[in-house]
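Residue numbers (this note's numbering): 21 to 281. Think of the CB as a built atom: it goes at the ideal place given N, C-alpha and C, for glycine as much as any other residue. I have placed the structure first, in the form of structure tokens, so that the comments after it can refer back to it.
What follows is the structure, given as structure tokens:
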């Protein structure tokens, strides 16, 4: 989910290979990547166009993965009937699965489709469920969508909490397009989020600094994750970034670095 030109170049090769050798799953993967790219850039009609072939073919695994993407793209593109049909399919499958991941995505999609105040309950349920899943991207995306929902209802202070968390998460693991989407939403609430530039690439983000300071005190990654309501894999990822930026190799050295500065 980095630079657009790179994603489009790679997916073009994937589609060419898929066409030449009849590799349908490879083509589905390319369409999935393009759908995520366009969602990150707010190009919802394009995202919907990329999601529909996979939805219609309903191939194993990919058919399920595309459902939450299609619901978001369809709602934002004004294709509410398409969103409702995709939500019906997701409801059946997510409830059969019963995992926090599936149910968290279902709650997110219900929030997107619901035009009443009841949507807030679904947004919060999605965030709570996806906090238990070791996929930081999905948790961050639910916080972004809830932040957008809150801002559009002029609940700016509440929106900032979720948008800031989403921005820092996306920025931490290099999802630049979604980070920019969150940053723009933050600007609309009256808060700013700094773009990463060469001069600041060694600075710790607020989330990295928080994790570093906790790690310096000795708790395990699991304990840190529980305290910050993030996944253990996110803690590990952030600590690795801290080590690189501070030019250290272990958490015992954090106190001698610049984590608290």
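Please report the straight-line C-alpha distance between residue i and residue j, rounded to a whole angstrom.
i           : j           : result
residue 267 : residue 260 : 10 Å
residue 125 : residue 81  : 15 Å
residue 131 : residue 223 : 36 Å
residue 144 : residue 110 : 18 Å
residue 248 : residue 53  : 30 Å
residue 197 : residue 56  : 10 Å
residue 102 : residue 134 : 14 Å
residue 255 : residue 200 : 22 Å
residue 116 : residue 153 : 18 Å
residue 218 : residue 265 : In this predicted model, residue 218 has a pLDDT of only 49, less than 50, meaning its place in the structure is not dependable; the value taken from the coordinates is given anyway. Approximately 13 Å, taken between the alpha carbons.
residue 86  : residue 77  : 11 Å
residue 271 : residue 233 : 9 Å
residue 51  : residue 253 : 27 Å
residue 99  : residue 129 : 14 Å
residue 177 : residue 118 : 33 Å
residue 64  : residue 71  : 10 Å
residue 30  : residue 36  : 10 Å
residue 20  : residue 120 : This structure does not reach residue 20, given that the chain is present from 21 up to 281, and the question cannot be answered.
residue 74  : residue 269 : 44 Å
residue 231 : residue 238 : 11 Å
residue 141 : residue 151 : 16 Å
residue 166 : residue 209 : 13 Å
residue 25  : residue 88  : 25 Å
residue 242 : residue 23  : 32 Å
Hey, residue i and residue j are a contact pair by Cβ (cut 8 Å); roughly how many whole angstroms apart?
i           : j           : result
residue 245 : residue 274 : Actually they are not in contact, since the Cβ atoms of residue 245 and residue 274 sit about 17 Å apart, beyond 8 Å.
residue 127 : residue 107 : Contact flag wrong, Cβ pair sits at about 11 Å.
residue 146 : residue 136 : Not a contact, Cβ separation roughly 16 Å.
residue 258 : residue 192 : 6 Å
Using a 10 Å radius around the Cβ and a threshold of 16 neighbouring Cβ atoms, would you call residue i buried or exposed?
i           : result
residue 32  : exposed
residue 189 : buried
residue 39  : exposed
residue 174 : exposed
residue 220 : Unreliable positioning characterises residue 220 in this predicted model, as indicated by a pLDDT of 47, which lies under 50. The coordinate reading is nonetheless provided below. Exposed, by the Cβ-count rule.
residue 112 : exposed
residue 207 : exposed
residue 225 : buried
residue 27  : buried
Does the distance from the CB of residue i to the CB of residue j come in under 8 Å?
i           : j           : result
residue 183 : residue 202 : yes
residue 61  : residue 46  : no
residue 211 : residue 171 : no
residue 97  : residue 59  : no
residue 228 : residue 262 : yes
residue 104 : residue 114 : no
residue 44  : residue 79  : yes
residue 164 : residue 179 : no
residue 251 : residue 157 : no
residue 139 : residue 169 : yes
Of all the CB atoms in chain C, is at least one closer than 8 Å to the CB of residue i?
i           : result
residue 246 : Among the protein chains of the structure shown there is no chain C, as only one such chain exists.
Of all the options the options, which has the alpha carbon lying nearest to the alpha carbon of residue i?
i           : options          : result
residue 93  : 84, 74, 66, 73   : 66
residue 285 : 88, 83, 166, 141 : The shown model of the chain, from 21 to 281, leaves out residue 285, and the question about it has no answer.
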